[in-house]
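**Student:**
Protein chains: 4
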Amino acid sequence: MDRRQLRNNKEKVKVGIIGSKFEADIHAVSFQLMPEEAEVVAIASPTPGNAERLAQKYSIPRVFLDYREMLKEPDIEMVTITAPNRLHAQMTIDIAKAGKHVVCEKPLCMTLPEADEMIDTCKRQGVMLGYAEELFFTPKYVKAKEMAEQGGFGKIHLVKQSEKHFGPHSSWFWDMEQAGGGALMDLGCHGIAFCYWFLGRQKVKSVYAQLGTYVHAGKTEGDDEAICILEFENAALGMVECSWTKRGGMFDKTEIYGEGGVTYADLHMGNALPTYSEYGFGYAVEKAPTTVGWSYPVFEEHWNYGIPQEMRHFARVVRGKETLQASGEDGRVVIEALYAGYASAGAGRKIEMPYKPTATKPVDEWLKAKKS
Amino acid sequence: MDRRQLRNNKEKVKVGIIGSKFEADIHAVSFQLMPEEAEVVAIASPTPGNAERLAQKYSIPRVFLDYREMLKEPDIEMVTITAPNRLHAQMTIDIAKAGKHVVCEKPLCMTLPEADEMIDTCKRQGVMLGYAEELFFTPKYVKAKEMAEQGGFGKIHLVKQSEKHFGPHSSWFWDMEQAGGGALMDLGCHGIAFCYWFLGRQKVKSVYAQLGTYVHAGKTEGDDEAICILEFENAALGMVECSWTKRGGMFDKTEIYGEGGVTYADLHMGNALPTYSEYGFGYAVEKAPTTVGWSYPVFEEHWNYGIPQEMRHFARVVRGKETLQASGEDGRVVIEALYAGYASAGAGRKIEMPYKPTATKPVDEWLKAKKS
Amino acid sequence: MDRRQLRNNKEKVKVGIIGSKFEADIHAVSFQLMPEEAEVVAIASPTPGNAERLAQKYSIPRVFLDYREMLKEPDIEMVTITAPNRLHAQMTIDIAKAGKHVVCEKPLCMTLPEADEMIDTCKRQGVMLGYAEELFFTPKYVKAKEMAEQGGFGKIHLVKQSEKHFGPHSSWFWDMEQAGGGALMDLGCHGIAFCYWFLGRQKVKSVYAQLGTYVHAGKTEGDDEAICILEFENAALGMVECSWTKRGGMFDKTEIYGEGGVTYADLHMGNALPTYSEYGFGYAVEKAPTTVGWSYPVFEEHWNYGIPQEMRHFARVVRGKETLQASGEDGRVVIEALYAGYASAGAGRKIEMPYKPTATKPVDEWLKAKKS
Amino acid sequence: MDRRQLRNNKEKVKVGIIGSKFEADIHAVSFQLMPEEAEVVAIASPTPGNAERLAQKYSIPRVFLDYREMLKEPDIEMVTITAPNRLHAQMTIDIAKAGKHVVCEKPLCMTLPEADEMIDTCKRQGVMLGYAEELFFTPKYVKAKEMAEQGGFGKIHLVKQSEKHFGPHSSWFWDMEQAGGGALMDLGCHGIAFCYWFLGRQKVKSVYAQLGTYVHAGKTEGDDEAICILEFENAALGMVECSWTKRGGMFDKTEIYGEGGVTYADLHMGNALPTYSEYGFGYAVEKAPTTVGWSYPVFEEHWNYGIPQEMRHFARVVRGKETLQASGEDGRVVIEALYAGYASAGAGRKIEMPYKPTATKPVDEWLKAKKS
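Protein chains in written order, with our numbering: chain A, 1 to 372; chain B, 373 to 744; chain C, 745 to 1116; chain D, 1117 to 1488.
Shown next, in the form of structure tokens:
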């Protein structure tokens, strides 16, 4: 990765963000929460006014309607992508070709050929392809992994990861053309990556998924409830549960089972201040419906998800201070498992890996079976 | 405070630490966790070898046996004190006279005249006197305060704060000559400061304390269990519970009661990963007895206490970027309440404030009554 | 107690209830939940229609407007009192004189002379005077006591008991003439009895109380928030917290601290099914404001408070199968401590026991000091 | 069911127990905890001394080595079976032919023909065949069902049930010849029955199971870890997790997800007294490894599982006071789902129901596939 460390080791990495909504805001605030390694200097978003609004909120000097214009700025070294899934591949390739490092939001892209092209282009261009899987940096989950590595649980044979809420914040998620999949793709990509990472990047041997559209059938033909079981090469299991149907606010939890012990890590109820309010207050937690009555407000939400730590890591990789911990290759493993998961739900059986997709987008592996 | 901002606004504040034990280690690591505003460049500790050991652990370049030597270093702008309570006043005065900013660990000092002299000297020398009460920066407690300020609980009439463990880490705490008091002084100083801060620095109107030496009478004549009730000018109550007798690891919890709601904030069980291990692992939490069996390991412990945030704040105050949020005056309020608390336990009655001490050290207000 | 066991040992004890509201309903349902030792055959309530309504709900055959008429029924062996506090003494005496066993709700009565007369009359008449302190029978608290007796915590030096909600269910509680005291009398009587019982009925040496009327000053001149510290003869502390100002539903919790361990027992959040509902459902828990949003519904509430077990115990005492575990003497200890607590709040100091009341009702010890 | 109510409606049902170990003890104590409807008068166990021991512990008058001798006692009306799974069918048939009502522990039996013969024989003999699934009577789970029926969660599409510990108490469970299956059969039978019952006895449409022997391969060829997904006719999912590998004591938890809400019911940590003890105490909870250190002791364990309530129900059914809520037919549904589950794990695919077994015992459906 030849372009790293070219600049003065002490200089902050200058960052551009593509996008202006929910996730772009999180990137912007995360760079400010851990400011010593990087700073956001530009935002690009095609809807007039959107980039300006975010730029003003975080005192970001430059805005662009077309991200390709932003890529011409010579001082920008790293660009983060928060656009809909179907745009990830093209943007990554454009960024890499402009000689800049890439941080791409999850899931990496829509198809395996896209993933391959993204990885290859970045390699050829000598730029980093960072895969923004924040669960690798979530402090509570990192602690679980440390305890596991210290032998606290003996040999681990089951890793459970679950993320649930009542549905995504942007409308494109409901549209399978833009998203490529439903809850399994949107939320399960976290859980699949997590199990893979937690178990030491063992190969995925098989995938089974149970999918359904239980609550939001009027809005989407994608899955809104998913259970996914992964078998790994060393015989351990990953179990991923994800849902767009869960009431009462965001839910993210991990459980680790070894022959010598267990640990439970809950990011929401398990970190919260159980609170009752007659009058309500500012904010409880992502996707919480109200702050009146009982609620579970969390504190320093972004930090507790690990996003500032993740962005700091990518900047440090750019400066050659750390080795990449969340790569395009990790993202590709997830995409392959998502195809296999959707295919499994369509076929009603466990799919052995490696899996060669038979449909364009992951979700189509399931939808075409449902329709047939 | 004329000495601030003299240097380049972008330069990190250079810090010296007095001490080399538990608390000094926490200071050193805290500055590294949030490195963008300050860096530790020196440690002073009178026991040969101690400063070296800590300096090596955190790559700190300079060590001193005598802190007065360290004060001669011209580039050091801020010095933090982690020495036993009885040394706080003299050290603060020496630091201030050397023209450097002071961060003094809790409790501020042993006596009210000491507190006055510390505050006056720093004022005269134009240096900051920061009072290292980390609960003002604890992220979970800061969230509770934000919800309160947003009106979530209506008018608040009761703030409870509790800190308990099985006894301090350094032997000088057990010696009343060096510590000036027992659990109420060591741990209650946090709770008293917290209630005062949470309720908007209303004047303390009265203090009642129930003290006893229940478990460690062989080790100390100080109190190892304390309940302390404070009445504030606006009629709200503070209730502080602290103990050196609590088994099973550190405990720090706050509860807020208003006419319109309640919130509970637990820093330990309430943030932990409930964990069972047959084999044990590295570390669970401050003062936990073991990691075998069930335990409540926490993650990013210093950050969750707020210590890096606190140190960052002091550095930013030095650079003129923030206004001091934890001052010598706050520490003095606590000392006065501690005198009143010990006097109350001695007299068996509520002590009205302001209170003019009748004993040398806070604990003597109680001990002399017990002995008479 | 000569009247016990006169009847066939296998026959159920026939019970009459005085009262028809909240607590009378609880008695009626509790006898049905554990039906093998007793059955309710009559209810007396002065308001026309009230006794009928309850009788119908629980298929109770006989109703009376005047409890004295009910006392003439020869087959009734035991009468339970759920009337306002000021009526407890006269009713107890009438029941005893009718040769029937008495179960009196908490607090036992209003004054110490009343308590003495109740105890003496029952003794003279050879009838049981059962004091309905259900915390002695609460299964979770009984487990805590068993663990303590098995040595799990070593020597215990601190017992905390807390009961809080947003104010009582019947209007007479707010009227100090009928209730004799506020939250300390209504809820603190549980906590005082609990600490006394848990610590093995050690003598109470001193009482300190902090009282205030923070939220309901428009409704009552009684205390709606109370903290009460009791010193026992063997040097252990009891700490009782009670409140009529706590939002979000009923709260009842106990904590035990010994030199060798701790236990926490929470009857509400700690037994509940954390639940989120958009639509609401039947019932969550005593005094919960709503079932929409997050709530903490409990299951088998009466059983988890221990009330059926308590009523069964009293019936078994009547049949000579068990020794009385909650007596008029226990109730008298509580009344004396309540006087001392109110006097303490008035005087701002710890009151040594035994205490000779100087006011008519407990609350007057405080009110007269506030007004002077 | 012609034999019911033949006796005086007020007379207690006389009960005989087959077995003398863990589960027989639970039956005996459960009848004593709710004694008003039934009493245990006899125990039969083939190992000399065993029945005597239990009989003495609970003051049970009659003991037998051969249960067939016990069946000759004319006054016994109901017999409960706690013997190994492979004996359930023969015993049930013998009891029914003796004209006595049957309560059979879970799982109902080993094979579907056995189940059919048990059901038919009892029907022909006019006796009750009660299936001892205590989760139908667990108070906390009953509350969850009540809330669901009151509409609190809207339409429910996912029911999760999990039971885990570190392996069974009797050695026959490890032997597939005697048990017929591993963790899925031993613990999953609870979860399958629970989902079926909770969702209103909708037909099971398909079953998928992931099984493995992760920790106890030296002891058993049965599964010690199982995840089982059931699709029901009304499109809802059941998810059953069970394990013989979970450290740290018993775990039993249910989660209900509807479009309008969620509830979580945890029978262990969720009811417990979080406790730390240096010295240990009597008993924490079923299968807990120790009471030293942190533990989660529960209170009134049998009652909180619902076993006394379940036994009382069966006695009331015998007396015609209630309609049977847990029948041989329920047990048969579970056996069929177990066959399908084991077959699914063998085939790596979802098995459609009804399923015609191809192996002798449930576990063989999986084992023969593994070996092939």
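Ideal placement from N, C-alpha and C gives every residue a C-beta, glycine not left out.
Which bits of chain B does A:GLY151 rub up against, with CB to CB less than 9 angstroms?
**Tutor:** As a first step, residue 151 of chain A must be located in the first sequence, where it is residue number 151. Result: SER649, TYR651, GLY652 and PHE653.
**Student:** Cutting at 8 angstroms between CB atoms, please list the residues of its own chain near C:THR957, excluding the five before and the five after it.
**Tutor:** Locating residue 957 of chain C in the third sequence gives position 213, counting from the first residue. Within the same chain, C:THR957 has close Cβ partners GLY926, THR964, GLU965, GLY966, ASP967, ASP968 and GLU969.
**Student:** Using 8 angstroms as the Cβ pair cut-off and three pairs as the minimum, do the stretch 1222 to 1236 of chain D and the stretch 1438 to 1453 of chain D touch?
**Tutor:** yes
**Student:** Measure the alpha-carbon distance for D:GLU1168 versus A:GLU259 and round it to whole angstroms.
**Tutor:** Position 52 of the fourth sequence, counted from the start, is the residue given in the question as residue 1168 of chain D. Position 259 of the first sequence, counted from the start, is the residue given in the question as residue 259 of chain A. Answer to the nearest angstrom: the Cα atoms are 38 angstroms apart.
**Student:** Note down, one range per segment and in chain order, each beta strand (DSSP E) of at least 3 residues found wholly within the stretch 524 to 559 of chain B.
**Tutor:** 528 to 536
**Student:** Counting contacts by CB-CB distance shorter than 9 angstroms, is C:MET994 in contact with chain A?
**Tutor:** If you number the third sequence from 1, residue 994 of chain C lands on position 250. Not an interface residue.
**Student:** Quick one: is B:GLU383 near chain A, going by C-beta distance under 9 angstroms?
**Tutor:** The residue you call residue 383 of chain B lines up with position 11 of the second sequence. So no, B:GLU383 is outside the interface.
**Student:** Would the stretch 155 to 165 of chain A and the stretch 249 to 259 of chain A be scored as touching if the rule is three or more Cβ pairs under 8 angstroms?
**Tutor:** yes
**Student:** Let me see if you follow: with CB-CB separation under 9 angstroms, is D:SER1523 close to chain B or not?
**Tutor:** Only positions 1117 to 1488 of chain D appear in the structure, and residue 1523 of chain D is not among them; the question remains open.
**Student:** So is D:MET1385 in contact with chain B if we call contact Cβ pairs under 9 angstroms?
**Tutor:** As a first step, residue 1385 of chain D must be located in the fourth sequence, where it is residue number 269. At least one chain B Cβ lies under 9 angstroms of D:MET1385.
**Student:** Does DSSP classify D:THR1501 as helix, strand or coil?
**Tutor:** The requested residue 1501 of chain D is not part of the displayed model; chain D covers only 1117 to 1488.
**Student:** Look at the alpha carbon of D:THR1163 and the alpha carbon of D:LEU1181, and state the distance between them as a whole number of angstroms.
**Tutor:** As a position in the fourth sequence, residue 1163 of chain D is number 47, starting the count at 1. As a position in the fourth sequence, residue 1181 of chain D is number 65, starting the count at 1. Distance between the alpha carbons of D:THR1163 and D:LEU1181 is about 7 angstroms.
**Student:** Pull up the DSSP beta-bridge partners for C:ALA876, would you.
**Tutor:** Numbered from 1 along the third sequence, position 132 holds the residue referred to as residue 876 of chain C. DSSP, once it has assigned bridges, lists C:GLU849 as partnering C:ALA876.
**Student:** Hey, is B:TRP666's beta-carbon within less than 9 angstroms of any beta-carbon in chain D?
**Tutor:** For this step, residue 666 of chain B is matched to residue 294 along the second sequence. Yes - at least one Cβ of chain D is within 9 angstroms of the one on B:TRP666.
**Student:** Let me see if you follow: with CB-CB separation under 9 angstroms, is C:MET745 close to chain D or not?
**Tutor:** Against the third sequence, residue 745 of chain C aligns to sequence position 1. Model confidence at C:MET745 stands at a pLDDT of 47, short of 50, so the residue's coordinates are unreliable; what they give is reported in the following sentence. Not one beta carbon of chain D lies nearer than 9 angstroms to the beta carbon of C:MET745.
**Student:** Whole angstroms is fine: what's the gap from B:VAL475's alpha carbon to C:LYS1031's?
**Tutor:** Within the second sequence, numbered from 1, the residue matching residue 475 of chain B stands at position 103. Within the third sequence, numbered from 1, the residue matching residue 1031 of chain C stands at position 287. Roughly 48 angstroms between the two C-alpha positions.
**Student:** According to DSSP, is C:TRP941 part of a helix, a strand, or is it coil?
**Tutor:** Indexing the third sequence from 1 puts residue 941 of chain C at position 197. Note: C:TRP941 maps to helix in three-state DSSP.
**Student:** At 9 angstroms on the CB atoms, spell out the chain C contacts of D:ALA1352, in chain order.
**Tutor:** In the fourth sequence, residue 1352 of chain D corresponds to position 236, counting from 1. For D:ALA1352, none of the residues of chain C pass the 9 angstroms Cβ criterion, the least Cβ distance being about 18 angstroms.
**Student:** Run down chain A in chain order and give the residues with a C-beta less than 8 angstroms from the C-beta of C:THR1034.
**Tutor:** The count along the third sequence starts at 1 and reaches residue 1034 of chain C at position 290. By Cβ distance, chain A contributes GLY293.
**Student:** Pull up the distance between the alpha-carbon of D:ILE1345 and that of D:ALA1325, whole angstroms please.
**Tutor:** Position 229 of the fourth sequence holds residue 1345 of chain D. Position 209 of the fourth sequence holds residue 1325 of chain D. Rounded to whole angstroms, D:ILE1345 to D:ALA1325 spans 6 angstroms at the Cα level.
**Student:** Please report whether the beta-carbon of A:SER243 lies at a distance below 9 angstroms from any beta-carbon of chain D.
**Tutor:** For the purposes of this step, residue 243 of chain A is taken as residue 243 along the first sequence, with counting starting at 1. Yes, its Cβ sits closer than 9 angstroms to a Cβ of chain D.
**Student:** State the Cα-Cα distance for the pair A:ARG4 and A:PHE137, rounded to the nearest angstrom.
**Tutor:** For this step, residue 4 of chain A is matched to residue 4 along the first sequence. For this step, residue 137 of chain A is matched to residue 137 along the first sequence. Reliability of the predicted coordinates at A:ARG4 is poor, the pLDDT of 49 falling under 50, and the value obtained from them is presented with this limitation in mind. Near 22 angstroms, if we compare the C-alpha coordinates of A:PHE137 and A:ARG4.
**Student:** Taking the alpha-carbon of D:LEU1274 as reference, which of A:THR80, A:HIS88 and A:ILE227 has the nearest alpha-carbon?
**Tutor:** As a working note, residue 1274 of chain D is residue 158 in the fourth sequence. Residue A:ILE227 is the option with its Cα nearest to D:LEU1274.
**Student:** Measuring CA to CA, which of D:LEU1228, D:TYR1183, D:PRO1200 and D:PRO1223 is closest to D:LYS1216?
**Tutor:** Sequence index remark: in the fourth sequence, residue 1216 of chain D carries index 100 (1-based). Measuring from the Cα of D:LYS1216, the nearest candidate turns out to be D:TYR1183.
**Student:** Pick helix, strand or coil for C:MET745, following the three-state DSSP scheme.
**Tutor:** As a first step, residue 745 of chain C is located in the third sequence; it is residue number 1 there, counting from the start. Because the pLDDT at C:MET745 is just 47, under 50, the model does not fix this residue reliably, and the point stays unresolved.
**Student:** Taking 9 angstroms as the CB-CB cut-off, is D:GLU1341 touching chain A?
**Tutor:** Here residue 1341 of chain D is taken as the residue at index 225 of the fourth sequence, counted from 1. D:GLU1341 counts as touching chain A.
**Student:** To which residues of the same chain is D:TYR1458 closer than 6 angstroms at the C-beta, ignoring the five residues directly before and after it?
**Tutor:** Residue numbering aside, residue 1458 of chain D sits at position 342 when the fourth sequence is read from its first letter. If the five residues before and after D:TYR1458 are omitted, its C-beta is found closer than 6 angstroms to the C-beta atoms of PRO1478, VAL1479, GLU1481 and TRP1482, all from its own chain and listed in chain order.
**Student:** For A:ALA340, does the count of other Cβ atoms within 10 angstroms reach 16, so buried, or fall short, so exposed?
**Tutor:** Taking the first residue of the first sequence as position 1, residue 340 of chain A is located at position 340. Buried, because 16 or more other Cβ atoms sit within 10 Å of the Cβ of A:ALA340.
**Student:** Three-state secondary structure (DSSP) at C:MET822?
**Tutor:** Numbered from 1 along the third sequence, position 78 holds the residue referred to as residue 822 of chain C. Note: C:MET822 maps to strand in three-state DSSP.
**Student:** Check each residue of the stretch 507 to 534 of chain B: if its Cβ is closer than 7 angstroms to any Cβ of chain C, include it; give the result in chain order.
**Tutor:** HIS529 and LEU530
**Student:** On the three-state DSSP scale, how would you describe C:ILE761?
**Tutor:** Walking along the third sequence from the start, residue 761 of chain C turns up at place 17. Of the three classes helix, strand and coil, the one that applies to C:ILE761 here is strand, per DSSP.
**Student:** C:ILE973 touches chain B at which residues, Cβ-Cβ below 8 angstroms?
**Tutor:** Here residue 973 of chain C is taken as the residue at index 229 of the third sequence, counted from 1. Here the neighbours are GLN582 and ILE599.
**Student:** With 9 angstroms set as the bound, which would you pick, yes or no: does the beta-carbon of B:SER578 sit closer than that to a beta-carbon of chain C?
**Tutor:** Taking the second sequence and counting its residues from 1, the one referred to as residue 578 of chain B is at position 206. Yes, B:SER578 counts as interfacial toward chain C.
**Student:** Starting from the C-beta of B:GLU672, find all residues in its chain whose C-beta is less than 6 angstroms away, skip the five residues before and the five after it, and write them out in chain order.
**Tutor:** As a first step, residue 672 of chain B is located in the second sequence; it is residue number 300 there, counting from the start. There are no such residues.
**Student:** Taking the beta carbon of B:HIS399 as the centre, do at least 16 other beta carbons fall within 10 Å, making it buried, or is it exposed?
**Tutor:** Here residue 399 of chain B refers to the residue found at position 27 when the second sequence is read from its first residue. It counts as buried.
**Student:** Closer than 7 angstroms by beta-carbon distance: list the chain A residues that pair up with D:VAL1157, in chain order.
**Tutor:** As a position in the fourth sequence, residue 1157 of chain D is number 41, starting the count at 1. Result: empty, since nearest Cβ-Cβ is about 43 angstroms, beyond 7 angstroms.
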